[in-house]
Structure formats: structure tokens, C-alpha cells
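Student:
In our numbering, the protein residues as written are 2 to 200.
(1) Taking DSSP as the reference, what is the three-state secondary structure of residue 146?
(2) Would DSSP call residue 35 helix, strand or coil?
(3) Spatial neighbours of residue 137 within its chain, please: C-beta separation below 6 Å, excluding the five flanking residues on both sides.
(4) Can you tell me which residues form a DSSP beta bridge with residue 93?
(5) Are residue 1 and residue 188 close, meaning C-beta to C-beta below 8 Å?
(6) Quick one, which of 133, 168, 101 has its alpha-carbon nearest residue 145's?
(7) Could you check whether the segment 123 to 141 touches the segment 98 to 108, counting it as contact only if at least three pairs of C-beta atoms, one from each stretch, sit closer than 8 Å?
(8) Looking only at its own chain, which residues have a Cβ that is under 7 Å from the Cβ of residue 53, when we skip the five neighbours before and after it?
(9) When the Cα of residue 109 is compared with those of 89, 59, 119, 183, which residue comes out closest?
(10) Taking C-alpha atoms, which residue in 57, 50, 35, 62 lies nearest to residue 150?
(11) Quick one: residues in its chain with C-beta nearer than 6 Å to the C-beta of residue 156, no 5 flanking neighbours on either side, listed in chain order?
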């Protein structure tokens, strides 16, 4: 199998900000459904949307300050670069938070796309834009993420190769049953799966 581009999520995949997403939803006053928090906020009246964004941003900033790189992140990225695969970070987090983490932990990508740059997942725009910028196509891509948002965005972009890692228990029921993916218990297993795919 020829993989030329890896599209990698940040929160929950490479970075553990210890964010309690169900609690954040309760604090904003949102239902516990499959729609991203950002989708809900878009449809709110201005005052409620601003309040919700403040709550979300506060938690995300705390996640940057108090979070940690997930073990195996550097090793996985070195492996991907070493086998000649281009690597894009595609995240629903903000550009400011992402830059802080990348600088602090010396993480390097060929391309970084955040919610400030493109439509956020599960909209496929971020993946499609990344492939366009890196001269790849869906058939040559692998998505590495942790959530239903990554899986849905990949499916809608026509990307069939998806590896999910660290998927939290509350997310499991939100994963679409008719979309296939490979499950990994950690980033070292992601590397193992990638090696098998490439072989």
C-alpha cells in the first residue's frame, strides 16, 4: 500500500490536555451528542456563543498549561518522516494553543491546520485542504486520530485508512458503525500498524 501523507490529530492523539469534554459541555449547557461543541456554538445567539467560546477557550488554555505530550509522539513522528511520508497536523484546537505546544515540545510538521484556518472536523475540508497543499490524494492518505470527528471527516473526504488511538469510553458509542478503522491502544501500536500497512 502506498501512503504518502499522514493527517494527524492533536488533542487526545499526540497531546493529553486532560480535558473533560462532557463536563465542558455541561458547563456551556450543551447536550451530550455527536455534534462538536463548535458546531453548537455556531448556531447560538451572539451573547450565548461568546460565553460558550470563553468557557471553551479557558479549558483549552488550561489544557496547554497543564497537559503533556503522549508517550511515543516524538518516536511516531520520526518514524513517519523516516519512511518519507509527509505529515500534517489537523486539529480543531486554536492556532495559538497549537503553536504553544509545538514550540514547547519541538514538534515539526510539513503543514499545520487549525480551526482558525479551515472548517473544523467532522467537515472534511481540513483533510482535503491538507492533501491539496501536500500534493496527495485520499487514496494515499492515512488519518491518525482519537475520535468520531476524525473518523467522520476522513470518511467524508474519501480517506479509507484510519487509525484511532486512545478513544475514550464516552466516545465509543459515537463512532459510526458503518465506517471501518483500525484501533490502536497507544502510539507505539500506531507505528506497528503503519509498518504493516506499508509492508
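We put the beta carbon where it would ideally sit given N, CA and C, even for glycine. Nothing here was measured: the structure is a model prediction, and the numbers come from that model.
Tutor: On the basis of the supplied data:
(1) Residue mapping note: residue 146 aligns to position 145 of the chain shown, counting from 1. In the structure shown, residue 146 falls within a strand segment according to DSSP collapsed to helix, strand and coil.
(2) By one-based count along the chain shown, residue 35 stands at place 34. In this structure, residue 35 counts as coil in the three-state DSSP scheme.
(3) In the chain shown, the residue the question calls residue 137 occupies position 136. When the five nearest sequence neighbours on each side are left out, the beta carbons in the same chain lying within less than 6 Å of the beta carbon of residue 137 are those of 5, 6, in order along the chain.
(4) As a first step, residue 93 is located in the chain shown; it is residue number 92 there, counting from the start. According to DSSP, which records beta bridges pairwise, residue 93 is partnered with nothing at all.
(5) One cannot answer for residue 1 here, as it falls past the ends of the chain, which runs 2 to 200.
(6) Working through the chain shown from its first residue, we reach residue 145 at position 144. That would be 168, whose Cα lies nearest to the Cα of residue 145.
(7) In short, these stretches do not touch, since the Cβ pair count stays below three.
(8) For this step, residue 53 is matched to residue 52 along the chain shown. Within the same chain, residue 53 has close Cβ partners 29, 42, 45.
(9) For this step, residue 109 is matched to residue 108 along the chain shown. Just measuring C-alpha positions, the residue of 89, 59, 119, 183 sitting nearest residue 109 is 89.
(10) In the chain shown, counting from the first residue as 1, residue 150 sits at position 149. Among 57, 50, 35, 62, the Cα nearest to that of residue 150 is on 35.
(11) Locating residue 156 in the chain shown gives position 155, counting from the first residue. Contacts found: 180.
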